[in-house]
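Here the protein sequences come in this chain order: A and B.
With this note's numbering, you'll find the first sequence wraps up at 377, consecutive numbering, no jumps.
With this note's numbering, you'll find the second sequence wraps up at 356, consecutive numbering, no jumps.
Just so it is clear, CB atoms sit at the ideal spot from N, CA and C, and this is done for glycine as well.
Below is one structure; the comments refer to it alone.
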Amino acid sequence: MNIADSFRDPALCKGLLARLHEELDRPLRFMEVCGTHTVAIFQSGLRPLLPEGITHLSGPGCPVCVTHESEVAAFLDLAGREGIILATFGDLMRVPGPKGRNLKLAQAEGARVEIVYSPVDALQLAAKNPGDTVVFLGVGFETTAPTVAGTVMMAKAQGLRNFKVLCFHKLVPPALRVLLDDPECAIDSFLLPGHVSTVLGLEPYQFVAGKYGTPGVITGFDPVDILESLLIMVEQRKSGDYRIVNQYRRAVADSGNARAREVMFGVFETADALWRGVGRIPESGLVFREDYASFDALQALGVTVQEAPPTPGCKCGEVLKGKMQPVDCPLFGKGCTPAKPVGPCMVSTEGSCAAYYKYSV
Amino acid sequence: MSKSPLADTLSEKTLLLDHGSGGHASSRLIGNLFFRHFDNPILNAMNDAARLDMCGPISMSTDSYTVDPLFFPGGDIGTLAVHGTVNDVAMMGARPRYLSCGFILEEGLPMETLERIVVSMAAAASEAGVVIVTGDTKVVPRGAVDKVFINTTGLGEIIADPAPAGNCARPGDAVLVSGTMGDHGLTVLSGREGLNFSTDIRSDSAPLNHMVEALVTQVGDIHVLRDPTRGGLATTLNEIAGQSGVVIHMREADVPVRESVRNGCSFLGLDPLYLANEGKLICILPQEKAQAALELMRSMPYGENAVQVGTVRDAADGPGKAGQVVLETPLGGHRLLGMLEGEQLPRIC
Numbered sequence: 017m018n019i020a021d022s023f024r025d026p027a028l029c030k031g032l033l034a035r036l037h038e039e040l041d042r043p044l045r046f047m048e049v050c051g052t053h054t055v056a057i058f059q060s061g062l063r064p065l066l067p068e069g070i071t072h073l074s075g076p077g078c079p080v081c082v083t084h085e086s087e088v089a090a091f092l093d094l095a096g097r098e099g100i101i102l103a104t105f106g107d108l109m110r111v112p113g114p115k116g117r118n119l120k121l122a123q124a125e126g127a128r129v130e131i132v133y134s135p136v137d138a139l140q141l142a143a144k145n146p147g148d149t150v151v152f153l154g155v156g157f158e159t160t161a162p163t164v165a166g167t168v169m170m171a172k173a174q175g176l177r178n179f180k181v182l183c184f185h186k187l188v189p190p191a192l193r194v195l196l197d198d199p200e201c202a203i204d205s206f207l208l209p210g211h212v213s214t215v216l217g218l219e220p221y222q223f224v225a226g227k228y229g230t231p232g233v234i235t236g237f238d239p240v241d242i243l244e245s246l247l248i249m250v251e252q253r254k255s256g257d258y259r260i261v262n263q264y265r266r267a268v269a270d271s272g273n274a275r276a277r278e279v280m281f282g283v284f285e286t287a288d289a290l291w292r293g294v295g296r297i298p299e300s301g302l303v304f305r306e307d308y309a310s311f312d313a314l315q316a317l318g319v320t321v322q323e324a325p326p327t328p329g330c331k332c333g334e335v336l337k338g339k340m341q342p343v344d345c346p347l348f349g350k351g352c353t354p355a356k357p358v359g360p361c362m363v364s365t366e367g368s369c370a371a372y373y374k375y376s377v
Numbered sequence: 008m009s010k011s012p013l014a015d016t017l018s019e020k021t022l023l024l025d026h027g028s029g030g031h032a033s034s035r036l037i038g039n040l041f042f043r044h045f046d047n048p049i050l051n052a053m054n055d056a057a058r059l060d061m062c063g064p065i066s067m068s069t070d071s072y073t074v075d076p077l078f079f080p081g082g083d084i085g086t087l088a089v090h091g092t093v094n095d096v097a098m099m100g101a102r103p104r105y106l107s108c109g110f111i112l113e114e115g116l117p118m119e120t121l122e123r124i125v126v127s128m129a130a131a132a133s134e135a136g137v138v139i140v141t142g143d144t145k146v147v148p149r150g151a152v153d154k155v156f157i158n159t160t161g162l163g164e165i166i167a168d169p170a171p172a173g174n175c176a177r178p179g180d181a182v183l184v185s186g187t188m189g190d191h192g193l194t195v196l197s198g199r200e201g202l203n204f205s206t207d208i209r210s211d212s213a214p215l216n217h218m219v220e221a222l223v224t225q226v227g228d229i230h231v232l233r234d235p236t237r238g239g240l241a242t243t244l245n246e247i248a249g250q251s252g253v254v255i256h257m258r259e260a261d262v263p264v265r266e267s268v269r270n271g272c273s274f275l276g277l278d279p280l281y282l283a284n285e286g287k288l289i290c291i292l293p294q295e296k297a298q299a300a301l302e303l304m305r306s307m308p309y310g311e312n313a314v315q316v317g318t319v320r321d322a323a324d325g326p327g328k329a330g331q332v333v334l335e336t337p338l339g340g341h342r343l344l345g346m347l348e349g350e351q352l353p354r355i356c
């Protein structure tokens with residue numbers, strides 16, 4: 017068995033599951049902050065095997081899901097403009113903006129949209145198309161923002177002036193603070209995002225345990241990781257010794273990645289940001305620093321983000337805050353399906369509504 | 008690479024609109040390229056249509072091929088155009104015999120590229136034992152198509168009685184696959200996007216008609232045969248479950264996926280069960296015949312990794328509803344394996 021398979025080992029998982037059933041002596045409501053965890057729990061078939069006393073809630077950790085309607089409207093405003101090529105990661109293509117429009121539709125109508133696998137691909141696209149302006153759609157958390165920042169630095173070093181970034185990056189810890197301040201959320205523990213934590217390390221989460229007395233476990237994406245983390249949560253609830261624990265040591269250093277943070281905060285600085293379904297969260301977004309302002313698509317191309325009204329009937333905000341399970345949304349599976357999503361939680365591959373719709377037997 | 012035979016007979020190295028004109032340039036292209044490589048008496052007769060000798064129930068299928076890149080590890084658009092249609096015809100429990108072939112070509116295409124494709128097609132047809140008996144060539148202005156589009160239509164004699172069909176899966180049947188899933192889809196995707204995985208990822212493009220003929224004649228009682236091309240194993244099984252009104256129960260641990268494909272998919276956020284295959288088949292037949300079918304497939308080219316991946320169940324035997332595919336994970340949990348909505352798109356993080 018190779019090392020990757022060992023984290024999916026059925027025998028090991030069954031042992032951990034048995035221990036979880038034994039150890040759980042009171043209900044546990046935990047939130048998987050990261051959408052990839054939500055999908056991992058469904059894909060591994062873990063959900064029906066967990067003790068009944070465990071309720072798992074999906075959090076605001078799917079970057080596509082929390083991209084605000086007005087931000088999607090800004091993408092769509094640029095799509096189709098003369099001389100503009102939009103470069104994006106694939107999962108933004110189907111995200112509905114106001115009136116259900118999306119980038120797929122814009123592309124079919126003639127907008128130049130290129131799916132890229134890295135922001136560096138977008139930079140190369142700019143070099144190959146000197147007569148056009150390539151705008152990279154900067155969506156994602158701390159995992160993605162450093163590579164975007166590094167790409168902006170490369171563009172500056174190369175003197176590529178036709179490369180811009182529409183920066184809608186968001187930061188995870190401020191969103192956790194909003195959830196913890198909301199008494200309706202009632203979360204016992206957080207399954208903290210593995211990918212984001214490779215950059216952040218433990219420190220930015222310490223307030224979760226220290227100020228709010230809520231355990232948090234940084235976790236990998238295999239069933240062994242998730243089960244071991246649930247056991248850690250249960251043990252912490254029992255002992256009352258609430259801490260932030262790094263279960264994902266094979267990928268996450270306790271101190272995170274200082275160089276990545278340095279690059280990210282060298283190009284960007286924090287500012288208030290709009291989160292779909294949640295609203296404005298102080299200091300939860302990234303904007304360009306003065307030195308790099310010429311790469312800011314908002315400024316360079318005169319894009320204005322006008323606060324769009326919430327999509328009528330869409331409960332994605334309640335789902336993202338753990339106040340509602342996807343199946344309890346009146347639109348779930350009726351007016352809102354992966355074929356015709358009303359909200360982003362149904363369209364994203366990491367969205368909780370899509371996971372419930374696609375995987376529940 | 009050997010020197011293009013066209014270089015010996017023609018001065019043309021680049022395809023021009025003239026080559027689709029129907030005049031001398033067209034004649035030179037047809038005579039010196041297509042006839043030279045597809046050589047057979049029916050085609051050589053040069054009539055407006057092919058005269059064929061066939062009788063009994065016939066299987067017919069058509070497909071168009073538009074792959075990017077044109078050449079990839081394990082094949083090219085030419086091998087796909089032959090294998091894809093040969094396999095579709097064969098999945099009716101048929102012996103494919105004839106192919107037609109229509110080219111839509113972009114002005115400016117290097118003649119050498121076209122010849123490489125035609126040579127591949129001739130070799131693929133020869134291995135499958137089919138002959139290309141009629142064809143058509145159109146040349147369109149630059150930008151009107153992406154280099155080369157190929158349409159092939161296949162005809163074959165149905166040798167299974169009754170012929171397998173998508174609505175014939177029955178509770179109690181075994182679900183077999185002839186090998187690993189996702190190889191072709193990931194190869195083409197990584198080629199298109201310039202993702203240079205330093206691994207053994209290559210397309211599985213292959214003719215399956217000889218395997219089908221052996222299954223039909225030596226094992227028999229085949230209820231369903233399908234090749235899981237676009238949409239992959241997951242989509243094809245959903246189609247079968249829907250057509251037959253049954254639940255298909257799959258065991259994830261039994262589905263063969265190469266480690267390199269699994270790792271590549273994990274990196275890109277893709278699921279190998281939804282990726283296209285071009286040299287694999289799904290065979291559904293009574294459980295008591297499963298072992299014989301597996302042994303036969305494993306003894307043949309392109310079938311060495313054949314395994315049983317699941318069973319067909321009645322909806323009343325749960326979990327799952329009629330028309331659904333239920334996946335049992337290695338942990339013993341169950342989840343739906345649904346149809347894909349649109350194409351798979353790589354994720355942000």
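* To do: Could you spell out where the alpha helix (DSSP H) holding L141 (chain A) opens and where it closes?
  => 135-144
* Asked: Does the region 241-257 of chain B come within contact of the region 155-171 of chain B, defined as at least 3 CB pairs closer than 8 Å?
  -> Not touching, per the Cβ criterion.
* Since Y133 (chain A) meets chain B, which of its residues come closer than 8 Å, beta carbon to beta carbon? -> The contact set of Y133 (chain A) on chain B, defined by CB atoms closer than 8 Å, consists of E200, L202, L275, P353 in chain order.
* Does the Cβ of N54 (chain B) have 16 or more other Cβ atoms within 10 Å, making it buried, or fewer, making it exposed? -> exposed
* Once you ignore the five residues that flank M340 (chain A) on each side, which residues in its own chain have a CB closer than 6 Å to its CB? -> K331, E334
* To do: Anything in chain B within Cβ reach of C29 (chain A), meaning under 7 Å, just list it in chain order.
  => L338
* To do: Spell out the partners DSSP gives I242 (chain A) in its beta bridges.
  => DSSP output for I242 (chain A) lists no bridge partner at all.
* DSSP three-state call for I100 (chain A): helix, strand or coil? -> strand
* Asked: H341 (chain B) versus chain A: which residues are under 9 Å apart at the beta carbon?
  -> G61, P64, V377
* **Burial state of M249 (chain A), where buried means 16 or more other Cβ atoms lie within 10 Å** => buried
* Asked: Among A:M169, A:V88, A:G106, which one has its Cα closest to the Cα of G276 (chain B)?
  -> A:G106
* Asked: Do you know offhand how far P308 (chain B)'s Cα is from E302 (chain B)'s?
  -> 12 Å
* Asked: Between which two residues does the alpha helix (DSSP H) harbouring A283 (chain B) extend?
  -> Per DSSP, A283 (chain B) belongs to no alpha helix (DSSP H) and is neither H nor E.
* **Bridge partner(s) assigned by DSSP for N54 (chain B)** => In the DSSP output, where bridge partners are listed per residue, N54 (chain B) has none listed.
* To do: Please go through the same chain and pick out, in chain order, the residues whose beta-carbon is closer than 7 Å to the beta-carbon of G103 (chain B), but skip the five residues on each side of it.
  => Per the sequence shown, residue 103 (chain B) should be read as Pro rather than Gly. Cβ within range, chain order: V93, V96, A97, A135, V137, G161, G163, N216.
* Residue range of the beta strand (DSSP E) that includes A181 (chain B) -> 180-184
* Asked: By a C-beta neighbour count over all protein chains shown, 10 Å radius and 16 as the cutoff for buried, is T224 (chain B) buried or exposed?
  -> exposed
* **Residues of the region 101-116 of chain A with Cβ closer than 8 Å to any Cβ of chain B, in chain order** => F105, G106, D107, L108, M109, R110
* Asked: Which residues does DSSP pair with I157 (chain B) in a beta bridge?
  -> B:Y72, B:F110
* For S127 (chain B), which residues from the same chain have a beta carbon less than 6 Å from its beta carbon, with the 5 sequence-adjacent residues on both sides left out? -> D83, G85, T86
* With C-beta atoms as the reference, is G51 (chain A) less than 9 Å away from G367 (chain A)? -> yes
* Asked: Going by DSSP, what residues sit across from V224 (chain A) in a beta bridge?
  -> V224 (chain A) is not bridged to any residue.
* To do: Pull up the DSSP beta-bridge partners for Q315 (chain B), would you.
  => B:L183
* To do: Kindly indicate if chain B contains any beta-carbon less than 9 Å away from that of A9 (chain A).
  => A question about residue 9 (chain A) goes unanswered here, because the residues of chain A that appear run from 17 up to 377.
* Quick one: what's got a C-beta closer than 8 Å to N51 (chain B)'s C-beta in the same chain, skipping five residues either side? -> Counting only Cβ-Cβ distances below 8 Å, and skipping sequence neighbours, we find F42.
* Given that P326 (chain B) touches chain A, what residues does it touch there, using C-beta distances under 7 Å? -> V377
* With 16 as the cutoff for other CB atoms within 10 Å, does E48 (chain A) come out buried or exposed? -> buried
* Asked: Beta carbon of M188 (chain B), beta carbon of V262 (chain B): below 9 Å?
  -> A contact, by the Cβ cut-off of 9 Å.
* Exposed unless 16 or more other CB atoms sit within 10 angstroms - verdict on G62 (chain B) -> Gly is not the amino acid found at residue 62 (chain B); the sequence shown has Cys there. So C62 (chain B) ends up on the exposed side.
* **Residue from A:F237, A:T214, A:I260 whose Cα sits closest to the Cα of Q222 (chain A)** => A:I260
* Asked: With C-beta atoms as the reference, is E85 (chain A) less than 9 Å away from A324 (chain A)?
  -> yes
* When the distance is taken between beta carbons, is A181 (chain B) closer than 9 Å to Q294 (chain B)? -> yes
* To do: Under the assumption that A131 (chain B) contacts F45 (chain B) (Cβ atoms under 8 Å), give the Cβ distance between them as a whole number of angstroms.
  => Rounded, the Cβ-Cβ distance is 11 Å, inconsistent with contact.
* Measuring CA to CA, which of B:R199, B:D321, B:P279, B:L338 is closest to G249 (chain B)? -> Comparing Cα positions, the closest option is B:D321.
* Asked: What's the call for N39 (chain B), buried or exposed, on a 16-neighbour Cβ count within 10 Å?
  -> buried
* So, helix, strand or coil for E350 (chain B), using DSSP? -> coil
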